[in-house]
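Some notes on the structure that comes next.
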Amino acid sequence: MGMFEAILLTVITAATPLVLAAIGELVTERSGVLNLGVEGMIIMGAACAFIATQLTGSPYVGILAGIASGAIFSLLFGFLTLTLVANQVATGLALTILGLGVSSMIAEPYLGQSGIKLPQIVFPVLSDIPFLGAVLFKQDLIFYLSIALVAGVNWFLFKSRAGLKLRSVGDSHASAHALGINVIRTRYLAVMFGGACAGLAGAQLSLVYTPQWAENMSAGRGWIALALVVFASWRPWRIVAGGYLFGAVSISQLYAQASGVGIPSQFLSALPYLATIIVLILISHNRRTTLINTPASLGKSFVPDR
Amino acid sequence: MSAEGQPANSLLLAVGQLTKLFGTFAACNGINLDIKPGEIHALLGENGAGKSTLVKMLFGVLAPTSGQIVWQGQPVRISSPSAARKLGIGMVFQHFSLFEALTVAENIALSMDPGVSLARIAKEASDLSHAYGLPLDPHAHVADLSVGERQRIEIVRALLQNPKLIILDEPTSVLTPQEADRLFETLNKLKAEGRSVLYISHRLEEVQRICDRATVLRHGKVTGACDPRQETPSSLARMMVGGDVAHVSAEGTGTKGAIKLEARHLSASARTPFAVSLKNICLKVHAGEVLAIAGVAGNGQGELFDALSGEYPVASDDVILISDKPVGTRGINARRLMGAGFVPEERHGHAAVSALSLSDNLILARSQSDRRAFLGGGPLGLIRQDAVKMAAKRISAAMDVRKSGENPPAGSLSGGNLQKFIVGRELDRQPTVLIVNQPTWGVDAGAASRIRQALVDLAKSGSAVLVISQDLDEIFEVATEIAVISEGRLSDIYPASDLSREKIGLLMGGMYGKTETAETAHAH
């Protein structure tokens with residue numbers, strides 16, 4: 001395996017959790033709900049996936065546990081903001097803090113244990129394609145899922161009737177309600193989808209990226225995912241572009257630091273953030289497209305007037 | 001269960017003692033209403049009379065507190081709009097239930113059978129809209145459409161559902177006489193097919209022309225049920241308002257002064273793909289004049305207002321003059337400082353911030369032009385809350401703004417009362433030039449009359465007034481001069497007395513002889 005292929009593989013591993021968490025949050029925000037608890041849901045997913053894997057010996061059970069824990073944890077956010085109409089920003093921040101604390105507590109006995117890495121799934125013929133074959137077709141299940149999810153979300157939002165309803169709820173919840181769309185139920189489902197995706201992103205961290213448990217191992221990825229959604233102007237494939245760009249620059253700058261380039265390391269560390277922001281701003285410079293894609297009801301609570 | 005002993009099958013809808021309480025306030029109080037198959041039934045009443053609350057209950061948006069709804073002889077509970085649609089009730093809302101970020105076809109698809117593909121919906125909507133003379137581009141985004149075009153979507157959306165009863169809330173307020181005629185033909189066609197129409201309006205002429213029966217509401221109660229053809233407009237108005245409505249007339253404005261507002265060959269390119277570009281617009285408004293610009297929605301009215309008000313300044317200074325000073329590149333505050341006042345079309349989010357109080361909305365508009373009165377603390381510009389509140393109170397009193405509380409949020413006022421406040425906010429400064437876009441859109445008869453009278457009075461006191469409106473009744477009430485805008489071009493300016501509705505209708509259809517005479521022949 002060549003050096004370049006090795007870099008590409010690490011880029012994919014670094015980008016996948018960002019793409020997963022961001023695509024989930026994109027669906028949540030398209031329904032008009034701003035869930036700032038992504039970081040908390042990722043770390044809960046990471047902890048639960050690791051624990052379930054250690055208990056059963058199967059990383060696939062771990063994946064399911066990660067997804068389920070993210071979804072259940074997001075349900076708490078849904079109950080507070082959708083049923084009790086609490087402030088979404090404050091509740092999201094609280095969810096992150098709670099997630100970081102609870103995950104440290106429940107996974108404390110597993111600290112320092114070596115985990116089980118999720119096995120690769122090799123596509124027989126395709127993986128023999130020179131260069132790209134090994135990169136794209138010799139990956140773990142979560143990578144394939146991440147790409148399938150983006151394609152699926154893109155189809156769902158822009159081609160299916162249910163996706164149209166979800167976008168309408170995010171654009172004007174009062175009008176959607178007047179048309180007879182169940183705003184609260186739609187938002188619950190969108191929030192849970194976001195939670196499930198964040199949980200899956202967490203599972204990737206503790207089963208693929210570094211197969212072990214460490215406190216705060218999500219390391220701010222939830223916040224990057226949130227920023228990706230905004231800069232991708234709520235369009236699914238732009239999340240892939242932004243996520244992989246971020247992954248690529250962060251891995252390259254590590255190599256650059258290791259090879260001793262004469263640039264201050266602090267600047268190199270900041271580079272992924274700068275590069276992603278600049279590129280995504282360039283993509284989203286068309287104000288009309290941005291306006292039409294921005295969910296107008298984002299962050300606003302809805303109380304039906306019955 | 002049959003209503004009041006009548007055979008169950010003779011009524012499409014019977015509403016008995018329907019009441020809706022908000023807290024202790026009865027928005028609808030013991031309403032009785034029945035609709036026969038194949039009739040056009042008018043629901044008359046001022047804003048706040050309970051019309052919207054009543055139809056929202058019929059369409060399942062609101063749940064009644066008490067009373068019953070009998071549909072085709074069966075007592076029903078209409079729990080949601082989709083339940084209402086299933087029964088065969090279609091609705092065109094007054095405050096549009098549209099999604100700005102979605103396309104026309106997507107908006108329509110949201111209330112259709114999920115089995116139908118978007119492409120087919122787009123095709124059907126386009127065909128139907130052209131058949132009924134309400135042309136629509138199914139792929140346009142709603143955000144880029146004018147108020148009138150948005151209403152077309154609502155009408156087409158309701159018609160596509162093939163309803164037994166279609167509820168129309170003020171449908172003609174944004175249509176030309178010819179378009180309204182086509183709509184009336186459509187309604188008569190629906191009636192001939194055995195469908196019923198519940199027609200909400202405060203345009204009494206229309207109601208007399210097309211409606212078979214009328215129910216009048218005031219303060220949440222039924223104050224009359226009649227055959228509108230047996231009544232006169234003033235007797236209907238009395239039932240609605242509980243008193244006489246003042247008649248507005250521009251007569252006596254006569255004396256022309258100096259030119260206060262002028263546009264010289266004003267052109268502006270379209271800012272968005274769906275906007276209209278302005279082409280070589282020339283106009284002059286003298287002191288003492290009310291120039292009304294008529295036109296169908298989406299022909300450049302909004303763009304003209306933006307250019308004249310300075311919301312989007314134009315490239316060169318000397319194409320727009322206020323009191324003989326070139327201002328084309330100047331912004332809105334600079335123009336206000338020169339004595340101009342502006343009232344844009346959209347009340348919520350453009351003319352006023354719904355969540356802010358009336359006094360805050362006042363300071364937003366006039367912080368520069370009335371800096372001395374409203375701001376203190378020198379360069380700090382601290383708001384003198386007392387002075388601003390006093391001014392808001394003065395405006396409310398002058399324009400008879402009815403509100404709950406001393407200084408409520410703008411969003412809590414009814415449309416008519418908020419519009420009175422917004423117009424009053426400008427009039428309070430005695431502007432030398434006032435530019436108003438759609439001054440009484442969706443405003444009840446009493447408030448509209450008050451606003452129109454205020455515009456005429458301002459012109460009489462020596463100011464130049466420019467009114468952009470789609471409402472021909474309004475134009476003939478207030479205007480001394482009339483011009484027509486069509487596809488971004490402005491017609492010549494005619495004295496109001498020289499123009500008839502038919503002539504304006506012809507000008508609206510385009511000034512280049514494209515309009516078929518056959519269509520206008522049956523207009524009146």
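Protein sequences, first through last, are from chains A and B.
At position 141 of the first sequence (counting the first as 1) the number is 141 in our numbering, and the numbers step up by one without a gap.
At position 446 of the second sequence (counting the first as 1) the number is 446 in our numbering, and the numbers step up by one without a gap.
Glycine included, C-beta positions come from ideal geometry on N, C-alpha and C.
As the structure is a prediction and not an experimental result, all values here were calculated from the model.
Within 8 Å, strictly: CB atoms of residue i and residue j
i	j	result
PHE193(A)	VAL27(A)	yes
LEU217(B)	LEU43(B)	yes
MET44(A)	GLY202(A)	yes
ALA464(B)	VAL327(B)	no
GLU154(B)	ALA296(A)	no
ILE51(A)	ILE106(A)	yes
LEU362(B)	ALA392(B)	yes
ALA225(A)	ALA46(A)	no
ALA198(A)	VAL38(A)	yes
ALA292(B)	MET508(B)	no
PHE246(A)	THR276(A)	yes
ILE485(B)	ASN299(B)	yes
VAL135(A)	GLU5(A)	yes
ILE322(B)	VAL433(B)	yes
ALA483(B)	ILE493(B)	yes
LEU58(B)	ILE78(B)	yes
PHE421(B)	LEU358(B)	yes
ILE67(A)	ALA270(A)	no
Bridge-paired residues (DSSP) for residue i
i	result
ALA227(A)	Paired residue(s): none; ALA227(A) is not in a bridge.
LEU111(A)	Beta-bridge pairing links LEU111(A) to no other residue.
MET91(B)	ILE167(B)
GLU262(B)	LYS284(B) and LEU321(B)
ARG213(B)	HIS41(B)
VAL342(B)	The residue asked about is misnamed: residue 342(B) is Phe in this sequence, not Val. Paired residue(s): ILE435(B).
ASP140(A)	GLN120(A)
HIS141(B)	THR103(B)
ILE332(B)	ILE332(B) pairs with nothing; no bridge assigned.
Alpha carbon of residue i to alpha carbon of residue j, nearest angstrom
i	j	result
PHE156(A)	TYR188(A)	17 Å
LEU364(B)	GLY222(A)	39 Å
PHE25(B)	THR215(B)	22 Å
ASP140(A)	VAL61(B)	49 Å
GLN257(A)	TYR273(A)	16 Å
ILE147(A)	ARG152(B)	41 Å
ILE251(A)	VAL11(A)	6 Å
ARG195(B)	ALA174(A)	29 Å
GLN453(B)	THR329(B)	32 Å
ALA125(B)	ALA297(B)	19 Å
GLU46(B)	SER367(B)	34 Å
ALA263(B)	SER269(B)	16 Å
ASN32(B)	LYS159(A)	45 Å
GLY32(A)	TRP234(A)	11 Å
GLU193(B)	THR186(B)	11 Å
VAL456(B)	ARG501(B)	21 Å
LEU382(B)	LEU82(A)	39 Å
ARG209(B)	ALA84(B)	28 Å
VAL401(B)	VAL102(A)	56 Å
SER114(A)	ALA49(A)	14 Å
With 16 other Cβ atoms within 10 Å as the buried cut-off, status of residue i
i	result
ARG229(B)	exposed
GLN6(B)	Confidence at GLN6(B) is low in this model, with a pLDDT of 45, below 50, so its placement is unreliable and no value can be given for it.
SER58(A)	exposed
SER234(B)	exposed
VAL317(A)	Nothing about residue 317(A) can be reported from this structure: the residues present for chain A run from 1 to 306 only.
ALA351(B)	buried
LEU375(B)	buried
ILE292(A)	buried
Residues that residue i contacts on chain C, provided the C-beta gap is smaller than 8 Å
i	result
LEU189(A)	Of the chains in the structure shown, none is chain C; the protein chains are A and B.
- Task: Taking only beta carbons into account, state which residues of the segment 279 to 306 of chain A come closer than 9 Å to chain B, listed in chain order.
- Result: The segment 279 to 306 of chain A vs chain B, Cβ under 9 Å: ARG288, LEU291, ILE292, ASN293, THR294, PRO295, ALA296, ASP305 and ARG306.
- Using a Cβ cut-off of 7 Å, which residues of the segment 97 to 117 of chain B contact any Cβ in chain A, in chain order? Residues of the segment 97 to 117 of chain B with a C-beta less than 7 Å from any C-beta of chain A: SER97, LEU98, PHE99, GLU100, ALA101, LEU102, GLU106, ALA109, LEU110, SER111 and PRO114, listed in chain order.
- Message: Taking beta-carbon pairs under 7 Å, can you tell me which members of the segment 144 to 175 of chain A lie near chain B?
- Response: Taking a C-beta cut-off of 7 Å against chain B, the contacting residues of the segment 144 to 175 of chain A are ARG161, LEU164, LYS165, ARG167, SER168, ASP171, SER172 and SER175, listed in chain order.
- Query: Using a Cβ cut-off of 7 Å, which residues of the segment 61 to 84 of chain B contact any Cβ in chain A, in chain order?
  - Reply: Only those residues of the segment 61 to 84 of chain B whose C-beta falls short of 7 Å from the nearest C-beta of chain A are listed: VAL61, LEU62, ALA63, SER80, PRO81 and SER82.
- Interfacial residues, the segment 262 to 291 of chain B to chain A, with Cβ spacing under 7 Å: Look at the segment 262 to 291 of chain B: the residues with a C-beta under 7 Å from a C-beta of chain A are THR272.
- Please list the residues of the segment 25 to 59 of chain A that have a C-beta atom closer than 9 Å to any C-beta atom in chain B, keeping them in chain order. Taking 9 Å as the Cβ-Cβ cut-off against chain B, none of the residues of the segment 25 to 59 of chain A qualify.
- In the segment 132 to 163 of chain B, which residues sit with their C-beta less than 8 Å from some C-beta in chain A, listed in chain order? Against chain A - using a Cβ distance shorter than 8 Å - the residues of the segment 132 to 163 of chain B are HIS141 and ALA143.
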